[in-house]
Each structure stands twice: as C-alpha cells, then as structure tokens.
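Undergrad:
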C-alpha cells in the first residue's frame with residue numbers, strides 16, 4: 001500500500017475530513033475526462049521561477065541547495081513537459097504565509113514558491129535553500145521534519161500528485177504522524193531525497209536527487 | 001514504486017493559486033457557466049483551507065496557467081475562501097460532467113469526484129441510489145450558475161471516486 005489512508009488519527013486534522021466510505025472504484029471508460037489532463041506550455045512558465053533564491057533584492061539566508069530529479073510514469077518512462085510546483089518554509093522554518101504563526105523570522109529575500117516544466121527526459125531542477133523544521137499544534141511538542149512540498153501533474157488527471165520531499169537522516173521522521181501515515185516503511189523512504197555529490201556544485205550549493213513516480217493510469221498496459 | 005501522497009498542508013496559499021486560476025473562460029464568454037459551492041467537513045463546518053482543481057477533459061488556447069489567450073481552458077484551480085466557498089467559471093463541457101479534485105490540510109491524499117451539470121443517462125450516475133447520486137448533481141441556481149457542495153464526511157457525504 002503506497003498511499004496513506006484518509007483516516008490517520010495521529011494526524012488530528014484527518015478525523016473530521018477523512019471520508020467515511022471507501023471511494024467508488026470506476027469501471028473502465030476510455031472516454032473518461034480523467035484519462036487526460038491539462039497541458040502547460042513552455043511560454044506559461046518563466047525559467048526564472050525554478051530559482052527560489054532569485055527575484056528578491058538580496059540572497060536568502062540558509063544553506064543553498066539544488067534539488068533535481070525525474071518525473072517518471074509507473075513503467076519508468078520519463079514524463080516530459082509536465083508542470084512541477086514546489087513550496088516550502090524558509091531556513092528558519094517559517095512560511096511566507098499569513099497564517100503561519102511560528103515565531104521564527106521571515107526572510108525578506110525568500111518567498112519559497114517555484115515552478116518548472118520537466119525537460120525531454122522528464123527532468124526538473126530547482127535552486128533553493130534548505131527549509132528548516134518547524135513546530136505545529138497537532139500534539140504537544142510536535143515538529144515537522146524539514147520538507148519541500150511538491151505538486152506534479154503527469155499526463156492524466158488520475159496521476160495528479162501532491163506530496164512532500166524530505167531530507168536524509170532527519171531525526172524527526174520517527175515522531176512525524178504525516179510521514180508515518182504511509183503504512184509501508186519502504187514507501188516512506190521513497191519520499192526521502194538522496195544527497196548527491198555529483199549534483200553538488202563546488203563552492204556554491206549542495207545537491208539532492210529525488211525522482212517522482214506517478215501512479216498507473218487506468219488504460220495503461222502493465 | 002509509486003511516490004506516496006502527502007497532504008497539501010495549510011500553507012499553499014502563497015504558492016499554488018495564480019491570477020484568474022478559477023476563470024477557465026474570461027468574463028463575458030458566451031454561454032459560460034459558474035459552478036460554486038462549499039467544502040464542508042464531517043461536522044458540517046466549512047473548510048477554509050482547501051484547494052480545488054477542475055478539469056473538463058478538453059484543452060484550449062487560453063493557457064492553463066498563463067490565461068493569456070482569449071479562448072477557453074479546460075483546467076482551473078480555486079482555493080476556498082474563509083467561508084469554505086469556491087467557484088469556477090467555464091464553458092459548458094462536452095461531457096455531462098467536469099472532473100474535480102479536492103486537496104486540503106487533513107487530506108493525506110486528494111478526494112476526487114465529478115460535478116454533473118445534468119442528470120443524464122450515465123454509467124456512474126446509473127450505478128448509484130438516488131441519495132448518493134444526488135451528491136454528484138450540481139443544482140441550477142439562478143442564470144448560468146450551478147451549486148455543488150463537497151461534503152467530505154458523514155451523512156450526505158459526496159461520492160468519491162477511484163480510478
């Protein structure tokens with residue numbers, strides 16, 4: 001079982017939001033709207049949107065990193081020209097969001113949102129800073145491990161994926177009900193990026209590699 | 001080896017919404033309809049931090065993200081307001097329905113459903129008893145406006161789908 005269940009009481013917000021009935025399994029229908037998805041054109045995404053350290057008066061504080069990888073379909077084929085969106089807290093663990101009340105400093109040089117389209121080989125690449133861990137009110141002394149939110153489209157609406165990428169060796173994994181909502185420990189590990197010296201750029205930024213594998217579409221051959 | 005889903009969380013509001021995201025067609029587009037409603041939790045309370053995505057199954061020349069063209073787009077996105085409401089303006093789809101995804105804090109994976117603009121013969125609608133079917137039917141409400149509430153949990157829970 002790859003995905004978490006809807007109801008995971010350790011994550012308190014699921015209790016009133018998880019559907020109580022299992023989803024209805026759809027019969028095969030080659031005409032279903034969900035077997036296609038929106039196409040985003042090259043002209044719709046500014047290449048500068050992939051650099052979260054740019055676009056402000058100065059450089060953001062924190063550890064500069066490169067996060068790159070490929071978007072693949074369930075058969076391991078690259079998914080080119082698909083939209084990847086990310087958002088994250090700053091290096092102090094604070095989001096540039098009005099409702100984030102964590103008393104950590106905002107960074108005037110960091111907003112923390114980026115977009116890009118995958119290239120012909122399904123590759124995406126962002127330059128950003130490593131986000132900080134932050135507290136939340138789910139339970140006493142609750143902290144989220146550092147993570148980057150990812151939104152990926154794929155070629156069919158059924159493949160739509162929103163998830164979170166984590167960093168290797170985070171001591172908070174053992175205490176995080178969102179990470180632990182994924183029942184299979186091996187599947188959890190697929191959300192953890194790999195440090196990669198080959199991606200790391202000397203004198204400039206650490207490199208992390210993380211591939212995204214989308215679910216099988218209903219009409220796709222095994 | 002699929003990548004697991006995680007919640008969209010509460011703090012996507014400065015990142016995922018974009019200009020005219022809910023407007024699949026520009027204002028004044030001939031024949032445009034508006035789908036609007038509330039997202040409600042198991043206590044019947046509005047969900048003020050949900051993100052909805054609508055897909056009609058047909059692309060167009062308006063731009064799914066840039067909205068730079070004058071024509072139509074098949075894709076829209078709308079974050080709920082503090083009262084749990086959302087809205088989409090679109091050209092009536094050629095299918096009797098539009099596909100809908102809902103993301104929110106507390107949803108570890110999205111719920112997906114369909115907004116039917118008419119109660120027509122349809123394999124999915126036909127497989128449901130009247131009370132369940134009613135949760136997929138948008139209700140005409142004034143001229144060119146359809147009301148469609150998403151009830152995440154409980155009595156009158158929306159029928160959610162898995163492909």
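Chains as they are written, first to last, in full-length UniProt numbering: chain A, 1 to 222; chain B, 1 to 163.
Beta carbons: idealized from backbone N, C-alpha and C, even for Gly.
Helix, strand or coil: which one does DSSP assign to residue 9 of chain A?
TA: Note: residue 9 of chain A maps to coil in three-state DSSP.
Undergrad: Compare the C-beta of residue 23 of chain A with all C-beta atoms of chain B and state if any pair is closer than 7 Å.
TA: With 7 Å as the cut-off, residue 23 of chain A counts as an interface residue toward chain B.
Undergrad: How would you call residue 23 of chain B, buried or exposed, if buried means at least 16 neighbouring beta carbons within 10 angstroms?
TA: Flag for residue 23 of chain B reads buried.
Undergrad: With residue 243 of chain A as the anchor, note down where its beta strand (DSSP E) starts and where it stops.
TA: Shown here, chain A extends from 1 to 222; a query on residue 243 of chain A therefore has no answer.
Undergrad: When you check each C-beta in the segment 159-179 of chain A against every C-beta of chain B, which residues fall closer than 7 Å?
TA: Here the close residues are 160, 161, 162, 163, 164 and 178.
Undergrad: Below 9 Å on C-beta distance, what does residue 195 of chain A contact in chain B?
TA: Under the 9 Å cutoff, chain B gives no residues; its nearest Cβ is about 19 Å from residue 195 of chain A.
Undergrad: If you follow the beta strand (DSSP E) that residue 54 of chain B is in, where does it begin and where does it stop?
TA: Counting along the chain, the beta strand (DSSP E) containing residue 54 of chain B begins and ends at 50-55.
Undergrad: If the cut-off is 7 Å on Cβ atoms, which residues from the segment 116-144 of chain A count as contacting chain B, listed in chain order?
TA: Going along the segment 116-144 of chain A in chain order, one finds no residue with a Cβ nearer than 7 Å to chain B.
Undergrad: Looking at chain B, is there any beta carbon in it that lies within less than 7 Å of the beta carbon of residue 26 of chain A?
TA: Closer than 7 Å: yes.
Undergrad: Helix or strand or just coil, what does DSSP make of residue 51 of chain A?
TA: Residue 51 of chain A falls in the strand class under three-state DSSP.
Undergrad: Which bits of chain B does residue 182 of chain A rub up against, with CB to CB less than 9 Å?
TA: Going along chain B in sequence order, the residues near residue 182 of chain A (Cβ under 9 Å) are 4, 5, 6 and 108.
Undergrad: Considering only C-alpha positions, which residue in the set A:164, A:35, A:95 and A:36 is nearest to residue 135 of chain A?
TA: Minimum Cα distance to residue 135 of chain A is reached at A:95.
Undergrad: Relative to chain E, which residues along the segment 55-73 of chain B have a C-beta separation below 7 Å, given in chain order?
TA: The structure shown has no chain E; the protein chains it does contain are A and B.
Undergrad: How many angstroms separate the CA atom of residue 130 of chain B from the CA atom of residue 159 of chain B?
TA: Approximately 12 Å between the Cα atoms of the pair.
Undergrad: Enumerate in chain order the residues of its own chain whose CB-to-CB distance from residue 162 of chain B is below 8 Å, with the five nearest sequence positions on each side excluded.
TA: 112.
Undergrad: Can you tell me whether residue 141 of chain A is buried or exposed, with buried defined as 16 or more other CB within 10 angstroms of its CB?
TA: The residue is exposed, with fewer than 16 neighbouring Cβ atoms inside 10 Å.
Undergrad: Write down the C-beta distance between residue 214 of chain A and residue 80 of chain B rounded to the nearest angstrom, noting that I regard them as a contact closer than 8 Å.
TA: The pair is not a contact, with the Cβ atoms about 26 Å apart (cut-off 8 Å).
Undergrad: Using 7 Å as the limit for Cβ to Cβ distance, is residue 13 of chain B near chain A?
TA: So, interface residue.
Undergrad: State the beta-bridge partners of residue 40 of chain B as determined by DSSP.
TA: Beta-bridge pairing links residue 40 of chain B to B:46 and B:151.
Undergrad: Of all the residues that make up the segment 87-111 of chain B, which are near chain A by a beta-carbon distance shorter than 8 Å?
TA: Listed by position along the chain: 93, 95, 97, 98, 99, 101, 103, 104, 105, 106, 107, 108, 109, 110 and 111.
Undergrad: Could you check if residue 38 of chain B is buried or exposed, using at least 16 other CB atoms within 10 Å of its CB as the buried criterion?
TA: Answer is buried; the Cβ neighbour count reaches 16.
Undergrad: Would a check of beta-carbon distances place residue 20 of chain A closer than 7 Å to chain B?
TA: True, the Cβ-Cβ gap to chain B drops below 7 Å.
Undergrad: Return the chain-ordered list of same chain residues with a C-beta closer than 7 Å to the C-beta of residue 102 of chain A, the five sequence neighbours on each side being excluded.
TA: Hits under 7 Å: 93, 94, 134 and 135.
Undergrad: So is residue 56 of chain A in contact with chain B if we call contact Cβ pairs under 7 Å?
TA: No, residue 56 of chain A does not count as interfacial toward chain B.
Undergrad: Counting along the chain, where does the beta strand (DSSP E) carrying residue 85 of chain A start and finish?
TA: Here the beta strand (DSSP E) through residue 85 of chain A covers 83-88.
Undergrad: Going by DSSP, what residue range makes up the alpha helix (DSSP H) through residue 186 of chain A?
TA: Taken as a continuous stretch (DSSP letters only), the alpha helix (DSSP H) holding residue 186 of chain A covers 185-189.
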